[in-house]
Structure formats: structure tokens, C-alpha cells
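Below: one structure, written as C-alpha cells.
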Amino acid sequence: MSMLLLAKLLTSPLLIGAASLAGKRWGPNVAGVLGGLPLVAGPIVLVLWLSHGPVYVTQLALAAPVGVWANVAYMLIMAWASQRLAWWGALLLAWTSYVMVALLLHAVGVADNIWLGLAVLPGLWLAATRWLPRPEAPPQVVALPRSELLTRMLAAAGLVTLLTTVSPLLGPTLTGIFTGAPVAGTVIPAFTFARSGRNALLLVLRGFLTGLMGLTVFFLALGWGVPLLGFWGTLLAALAGVLVGLAASEIVRRTL
């Protein structure tokens, strides 16, 4: 139980705190990239592995890549809604779209479709380079107070705890779809938009979309890696996801 609590209440918030500090140092795009990588999903998978075993995690991993489509909708809706709505309105609309797309994917029975899961990779690329609006000016540079950093971490802990708590009620397929739920994608963009404005938000979201390529690869590799390699498959999948996400973000940065 102590390991479960550690994964729920410490790991993800610390990683989001690190992403926030990186964004302060290197800009909002970097914060988005780190937030989109499997930094939050990894600890959630660890929690579910300890709770339900490798078979459950394998089933979850098969459904998770398709669920990333809901993240694409979430990021794009937030980006376009931010043109007219305040941060909380854009966030609410984005979450509504995320849940609706995720439930639709589950209802039509395509959660385990490997081709739809693979197709999310070019989908993320198009979203980052073509569909996402571009900033109109350089983002504002603002301070990151310790109180805000702590609030971000506490919010992340709450969201991760909620997801891992309700997962037994959802089953592995629906949990897989929601495992990529935008925890970091809620905390970092909301604070960025509220404090630094829309231009900074758009850079954060572009970073998330490229980082999510790494998340997708993480789950694709996890689906076959766990049955073949056990827990080592999880570590290799995480490494592959991080490398792909970082490479994609650098290519997009040079392209735009």
C-alpha cells in the first residue's frame, strides 16, 4: 500500500513540478513536451500493475493508443476555445470534448484497433504542425512562485488519485482509453494560460502534441513488451516513448 500511495501522491506531482520548472527555464514548449511524455502515465501503469497484475496492464495498453485521439481533440479544442474564452471556460470545453470522444471510441468498439492506434501518430503530427493555431507574438515571461508550483503538484496528485481510484469500476479497456487522460495537460496549460496568456498556451499545447507521440509509442510498446519481457518490458516501453517524444518535438521545432 505504501508503494501505491507513493506512486499516486508523489511521483506524478514531482514530475509535473519538474516539467513546470523546465518550462520556466527553457520556455512553455519544453514544459508541454515533458508533460506530454509518459511521465504521468508511467506511474499510473505502475500503480495498476501492483494492483491488478500484468494481464490487466497488457489489456490497458492495447486500448490506450486509440484513447490518445481524445487527447488530440482536447488539445485542439482548448487551443481554439482560448481565442474567446477564459482559461476555465476553455478547460471545461476541452475536458467535455475529451470525455465525449473517449466514450465514443469505447462505444463503437474500436478501442483495441491497432491500426487506429498507429494512426494517432500522424494525427498528432498534423495537429502540431497544421491544425493548431500559431502564436501571434512571443509569450510573456512571468515568474513561477513556489505557491503556484505547489498548487500544480497538488492538483496533479488529485487527478492521478481520482483516475487510479475509479479504474476498477471502468474495466481495463475503458481504463486504457482514459489512462492518457490529460493530467499534466490540465495543470500546466491552465496555469500557463491564466498567467502568461494565449501565446504561451499555444506553445505549451504544441509541446504536448509532440510529447504525446512518445506516450503513444510507450503504450504500443507496452502491449507487446509486457507479455514477452514482463516488468522489463515496461521500462523499455517507457524509454522508447521518451526518446520518440523528444525526437518528434525537436523535428517539429526545426520544421516550424
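Letter 140 of the sequence shown, counting from 1, is numbered 139 in numbering that gives the first Met the number 0, and no numbers are missing.
Quick reminder that beta carbons are idealized off the backbone N, C-alpha and C, glycines included.
This one's a predicted model, so the numbers in the text were calculated from it and none came from an experiment.
| query | result |
| --- | --- |
| State the DSSP-derived secondary structure class of PRO134, mapped to helix, strand or coil. | coil |
| Would you identify the three-state DSSP class for LEU36, choosing helix, strand or coil? | coil |
| What are the complete alpha helix (DSSP H) segments, minimum 4 residues, inside the region 88 to 134? | 113 to 125 |
| Nearest CA to the CA of PRO171: which residue from LEU9, LEU47 and ALA18? | LEU47 |
| Round the Cβ separation of GLU147 and PHE190 to the nearest angstrom and send it over; I've been treating them as touching at under 8 Å. | 6 Å |
| State the DSSP-derived secondary structure class of LEU20, mapped to helix, strand or coil. | helix |
| Count the other CB atoms within 10 Å of the CB of ILE242; is the residue buried (16 or more) or exposed (fewer)? | The amino acid occupying residue 242 in the given sequence is Leu; Ile does not appear at that position. By the neighbour-count rule (16 or more Cβ atoms within 10 Å), LEU242 is not buried but exposed. |
| Comparing C-alpha positions only, which one of LEU221, THR10, VAL107 and TYR97 sits nearest to LEU59? | LEU221 |
| Just to confirm my understanding: we take PRO27, look at its own chain, exclude 5 residues before and 5 after, and list those with CB closer than 8 Å. What are they? | PRO138, THR191, SER195, ALA199, LEU200, LEU202, VAL203 and GLY206 |
| So THR215 is in the alpha helix (DSSP H); what residue range does that whole segment cover? | 197 to 228 |
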